[in-house]
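First residue of the sequence shown: 131, per our numbering; consecutive thereafter. As structure tokens, the structure follows; a few thoughts come after it.
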Amino acid sequence: MLGGNVTKNIHQLIADLNAETPDQQEAAVKQLVALGASAIDYLIDAINDGDATTCINAIEALGQIGDARALGTLIIALQDSDHNVIIAAMNALRRIGDPLAVPSLINFLSADNVYLHFYATHALSQINHPQTIEALLNALHDPDPNVRHGSIVALGRLGDQRAIEPLMKCLTDIENKIRYSAAYALGDLTDKGDAHVIAALQLLLDDDDEHVRNAAQEAITKLT
Numbered sequence: 131m132l133g134g135n136v137t138k139n140i141h142q143l144i145a146d147l148n149a150e151t152p153d154q155q156e157a158a159v160k161q162l163v164a165l166g167a168s169a170i171d172y173l174i175d176a177i178n179d180g181d182a183t184t185c186i187n188a189i190e191a192l193g194q195i196g197d198a199r200a201l202g203t204l205i206i207a208l209q210d211s212d213h214n215v216i217i218a219a220m221n222a223l224r225r226i227g228d229p230l231a232v233p234s235l236i237n238f239l240s241a242d243n244v245y246l247h248f249y250a251t252h253a254l255s256q257i258n259h260p261q262t263i264e265a266l267l268n269a270l271h272d273p274d275p276n277v278r279h280g281s282i283v284a285l286g287r288l289g290d291q292r293a294i295e296p297l298m299k300c301l302t303d304i305e306n307k308i309r310y311s312a313a314y315a316l317g318d319l320t321d322k323g324d325a326h327v328i329a330a331l332q333l334l335l336d337d338d339d340e341h342v343r344n345a346a347q348e349a350i351t352k353l354t
């Protein structure tokens with residue numbers, strides 16, 4: 131059990147998450163992170179009860195602490211109306227790296243907001259777990275091209291070669307951005323000299339879209 135002075139100090143630090151200047155807010159985050167597990171319940175309460183600034187800074191602290199006890203609260207924070215809160219939660223979930231967050235993050239691959247799509251893709255590409263790979267492979271079949279695109283980018287960054295065959299099928303997708311993102315991902319994932327992949331990429335050198343042709347050529351150069 132925490133002593134009275136420690137509890138009082140934590141309450142003051144929580145209040146300082148909404149201090150007048152960003153420097154004061156950052157200092158409070160650092161001190162709360164240094165307190166580690168003893169600050170988690172207070173930070174969770176701050177997310178549930180605080181204003182947007184307090185919430186964002188509390189989420190940042192929880193992400194840096196990296197304790198999975200915060201997972202449920204952070205996943206719920208993805209439903210916030212403030213995009214900055216959502217992005218902070220995505221970054222925190224990326225740091226914690228628990229695959230339980232993957233389904234909620236995949237939902238954002240269809241977001242119209244480019245920033246939400248970007249940070250969701252970035253978070254997914256950092257949660258290197260078999261469940262993440264499986265979920266992203268399933269998302270390659272989504273009817274929304276934004277979901278397929280984000281999944282391809284994340285799979286390319288994760289580097290799991292189980293994605294190679296599914297990504298090769300994406301080379302014939304009707305959407306230009308799916309074809310060129312799949313080509314780039316295959317260039318990153320595939321072992322040098324893989325004739326099967328190289329042959330598939332060579333078919334794109336005559337693609338109608340310049341970006342697709344360039345991506346295919348870059349991938350082929352990497353692999354030969």
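Beta carbons: idealized from backbone N, C-alpha and C, even for Gly.
Contact check for Leu-301 against Ile-282 fails: the beta carbons are separated by 8 angstroms or more. Annotation: Gly-166 is outside any alpha helix (DSSP H) and is labelled neither H nor E by DSSP. Taking 8 angstroms as the cut-off, the beta carbon of Leu-353 is found no closer than this to the beta carbon of Val-342. Check the Cα spacing between Ile-206 and each of Leu-235, Thr-251 and Thr-184: the tightest is with Leu-235.
Under the criterion of beta carbons closer than 8 angstroms, Ile-217 and Gly-196 do not qualify as touching, at roughly 18 angstroms.
Here the C-alpha atom of Asp-321 lies approximately 13 angstroms from the C-alpha atom of Tyr-314. For Gln-332, the enclosing alpha helix (DSSP H) stretches over residues 325-332. By the criterion of a C-beta distance shorter than 7 angstroms, Gly-280 is surrounded in its chain by Leu-239, His-247, Ala-250 and Thr-251, once the five residues flanking it on both sides are discounted. By the Cβ-count criterion, Asp-153 is exposed, with fewer than 16 other Cβ atoms from all chains shown falling within 10 Å of its own Cβ. Taking C-beta atoms as the reference points, Ala-176 and Leu-147 count as a pair closer than 8 angstroms. Nearest neighbour of Glu-190 by Cα position, chosen from Arg-224, Ile-257, Ser-211 and Leu-230, turns out to be Arg-224.
For Leu-173, the uninterrupted alpha helix (DSSP H) segment begins and ends at 170-179. Counting along the chain, the unbroken alpha helix (DSSP H) around Thr-184 starts and ends at 182-195.
The region 206-290 is shown to contain whole alpha helix (DSSP H) runs of 4 or more residues at 213-226, 232-237, 244-254, 260-269 and 275-288, in chain order.
A check of alpha carbon separations from Ala-198 across His-213, Ala-182, Ile-174 and Cys-185 identifies Ile-174 as the nearest. Distances from the alpha-carbon of Ala-182 to those of Ala-284, Ile-350, Gln-155 and Ala-241 put Gln-155 closest.
Taken atom to atom, the span from the alpha-carbon of Ala-145 to that of Ile-170 is near 15 angstroms.
Within the same chain, and ignoring the five residues on either side of Ala-265 in sequence, the residues whose Cβ sits closer than 7 angstroms to its Cβ are Val-232, Pro-233 and Ile-236.
Just so you know, the alpha carbons of Asn-243 and Asp-274 end up roughly 14 angstroms apart.
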